[in-house]
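Residue numbers (this note's numbering): 106 to 349.
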């Protein structure tokens with residue numbers, strides 16, 4: 106499975122073509138899915154372009170994207186602590202959502218991760234357990250009573266050095282071990298994004314790509330939009346599959 110991560114916590118100072126409004130997210134999602142994305146992850150934004158977990162922001166973004174892609178394509182959002190730092194506030198916001206995404210990512214190194222995951226599960230929303238490299242998240246997740254109830258593990262390689270990111274990805278996979286009861290989606294960011302995508306392909310794991318993770322193609326040229334990143338990722342994944 107290839108997930109597209111449409112925008113992330115970035116703003117337009119980093120990328121002029123970054124989708125921010127619901128309409129822009131819908132248009133980007135439509136193009137990315139037409140190019141081969143099978144799942145969508147997005148960050149709803151408020152009127153000032155900042156990440157928001159407010160019910161109106163989530164409803165507007167999720168509804169617009171859902172209307173733009175086939176029903177078979179799941180739509181997910183972030184629950185990152187930067188959008189609502191106090192855990193109980195995050196929980197209250199999720200309880201107030203009127204339009205529910207199919208899944209939501211929960212960063213397991215953040216305070217209140219289990220409470221946030223618990224309310225998502227209570228509301229019937231799938232949980233992507235975000236396990237960052239370089240943190241204690243893997244250990245905490247594996248010891249959690251919720252570890253067997255998540256939709257997938259989002260193994261996030263925070264090493265942005267293209268020379269070492271693949272090795273960091275391998276270390277993270279070893280930390281997670283072979284006893285996981287959920288699929289693993291492995292991805293990197295910035296300079297590590299493309300090397301880690303190749304590791305995911307080699308291991309037969311789910312992968313993701315998009316403007317949240319990287320703004321350039323493997324040759325270093327700017328990516329015009331999410332569809333360009335998805336197109337290139339699909340080509341690399343096909344090459345890895347045929348080589349295997």
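For each residue, glycine too, the CB sits at the ideal point set by N, CA and C.
Query                                                                                                                                                             : Result
Contact between the segment 222-235 and the segment 198-210: three or more CB pairs below 8 Å?                                                                    : yes
Suppose the cutoff is 6 Å on Cβ atoms and the five residues either side in sequence are ignored; what does the same chain contact list for residue 180 look like? : 145, 167, 170, 171, 206 and 207
Since residue 308 contacts residue 301 with CB under 8 Å, what's their CB separation in whole angstroms?                                                          : That belief does not hold up - the Cβ atoms of residue 308 and residue 301 are roughly 11 Å apart, past 8 Å.
Do you know offhand how far residue 263's Cα is from residue 320's?                                                                                               : 15 Å
Could you have a look at residue 145 and say whether DSSP puts it in helix, strand or coil?                                                                       : strand
Three Cβ pairs or more, each shorter than 8 Å: is that satisfied between the segment 128-148 and the segment 327-347?                                             : yes
State yes or no: is the C-beta of residue 141 within less than 8 Å of the C-beta of residue 317?                                                                  : no
Check each candidate in 215, 175, 177 and 201 and name the one with the smallest Cα separation from residue 426.                                                  : Because the chain spans 106 through 349 in this model, residue 426 falls outside it and cannot be assessed.
For the beta strand (DSSP E) that contains residue 248, what are its first and last residues?                                                                     : Where residue 248 is concerned, there is no enclosing beta strand (DSSP E), given that its DSSP letter is neither H nor E.
Our contact map puts residue 257 next to residue 221 with C-beta atoms below 8 Å; I'd like the distance itself, whole angstroms only.                             : Between residue 221 and residue 257 the Cβ distance is about 16 Å, and since that is not below 8 Å, they are no contact.
With DSSP collapsed to three states, give me the class of residue 210.                                                                                            : strand
Examine the ligand FAD and report whether any of its heavy atoms sits within less than 7 Å of the Cβ of residue 184.                                              : Questions concerning the ligand FAD fall outside what the structure shown contains, since it holds no ligand whatsoever.
If you measure between the beta carbons of residue 281 and residue 312, is that distance less than 8 Å?                                                           : no
Between the C-alpha atoms of residue 197 and residue 225, what's the straight-line distance to the nearest angstrom?                                              : 11 Å
Are the beta-carbon atoms belonging to residue 147 and residue 123 less than 8 Å from one another?                                                                : no
Between the Cα of residue 295 and the Cα atoms of 120, 107 and 275, which residue gives the shortest distance?                                                    : 120
So what's residue 259 in DSSP terms, helix, strand or just coil?                                                                                                  : strand
Could you pull out every unbroken beta strand (DSSP E) segment of at least 3 residues lying fully inside the segment 151-204, listed in chain order?              : 180-183
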